[in-house]
Amino acid sequence: SGGRYRPPHCLACYKSAILVAYRNQEKYLHHLLYYIHPFLQRQQLSYSIYLIQQVGSGTFNRAKLLNVGVREALKDEDWDCLLLHDVHLVPENEYNLHVCDEYYPKHMASAMDKFQYTLPYKSFFGGVSALTPEHYMKMNGFPNTYWGSGGENDDIATRIQLAGMKIVRTSPHLGRYKVMDYNEETETQEPWRRPTSRHNTRKTWKDDGMNSLESKLLSRTEHPL
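Written out as structure tokens, the structure reads:
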């Protein structure tokens, strides 16, 4: 109950919060949840999954939703790891442990079938990533000002660098993910697109993020696993 899992026969070494931002994507969400729960439980993690849903018909803002999710998750628990998970992706390799790197932000989806199991470009940080709360706050979270473009991933990669960190990646044979089918209506929400960005991250990253987050929480519901 309460949306939290703890291994019944051992003390978990890691506490991970999985955050999924979505809107009008219940089909993919149900498939992801059906698959990911036994996947995580076989890794003997203590975990909760946070589903952050944007309401209304306005332009989708994945990055801001994830900031909201992180803020809410950290009210519940001193999590070891924050896993930011796209609703369209399911992991293929059970040895891809859903835990953080101690020192740097980790990109977990290093090999997607959509890209023939290679990176679409060198600084790609989309799909699934794992950051400690300290990593997340050090780079001031994700930007709040990316509406519908998907360009927040390049911003995040730049933030990591500006905050004095670097990206580490899960090895390609472990970081394999399947991209579930999508249609034209959801294409504007793809978190792996690389559009031309008008944002100057070097000037904005310290002021646009967790320290400037404004949102209205309409409801919060805990569901059994």
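My numbering applies: residue 2 is where the sequence shown begins, and numbers increase by one. Each residue gets a CB set at the ideal place from its N, CA and C atoms; glycine is no exception.
CA-to-CA distance, residue 203 to residue 163, given in whole angstroms = 7 Å
For residue 199, the three-state DSSP class (helix, strand or coil) = Confidence in residue 199 is poor, its pLDDT being 48 and thus under 50, which makes the residue's placement too unreliable to answer from.
How would you call residue 27, buried or exposed, if buried means at least 16 neighbouring beta carbons within 10 angstroms?
-> exposed
Compare the C-beta of residue 146 against all C-beta atoms of chain B and say whether one is closer than 8 Å.
-> This model lacks chain B altogether; it includes just one protein chain.
Measuring alpha carbon to alpha carbon, tell me which of 114, 101 and 99 ends up nearest residue 89.
-> 114
If you count every other CB in all the chains shown that lies within 10 Å of the CB of residue 62, and 16 or more means buried, which is it?
-> buried
Which word fits residue 170, buried or exposed, when buried means at least 16 other C-beta atoms lie within 10 angstroms of its C-beta?
-> buried
In the DSSP assignment, find the alpha helix (DSSP H) that holds residue 26 and state where it starts and stops.
-> Neither: residue 26 is in no alpha helix (DSSP H) and is coded neither H nor E.
So, residue 20 versus residue 83, is the Cβ gap smaller than 8 Å?
-> yes
Check whether residue 154 and residue 213 have beta carbons under 8 Å apart = no
Would you identify the three-state DSSP class for residue 136, choosing helix, strand or coil?
-> helix
Which residue from 116, 219, 123 and 133 puts its Cα closest to that of residue 179?
-> 116
According to DSSP, residues forming a beta bridge with residue 6 | 48
Looking only at C-alpha atoms, which of 64, 54, 55 and 129 sits nearest to residue 91?
-> 129
For residue 148 and residue 60, the rounded distance between their alpha carbons = 6 Å
Pull up the distance between the alpha-carbon of residue 8 and that of residue 35, whole angstroms please.
-> 18 Å
Straight-line Cα distance separating residue 132 from residue 52 | 17 Å
What is the DSSP secondary structure of residue 113, counted as helix, strand or coil?
-> strand
So, residue 220 versus residue 100, is the Cβ gap smaller than 8 Å?
-> no
Please name the residue, chosen from 112, 12 and 105, that lies closest to residue 42 on a Cα-to-Cα basis.
-> 12
Mapping DSSP to helix, strand and coil, what is residue 92?
-> strand
Best match in 165, 181 and 23 for proximity to residue 57 [C-alpha to C-alpha] = 23
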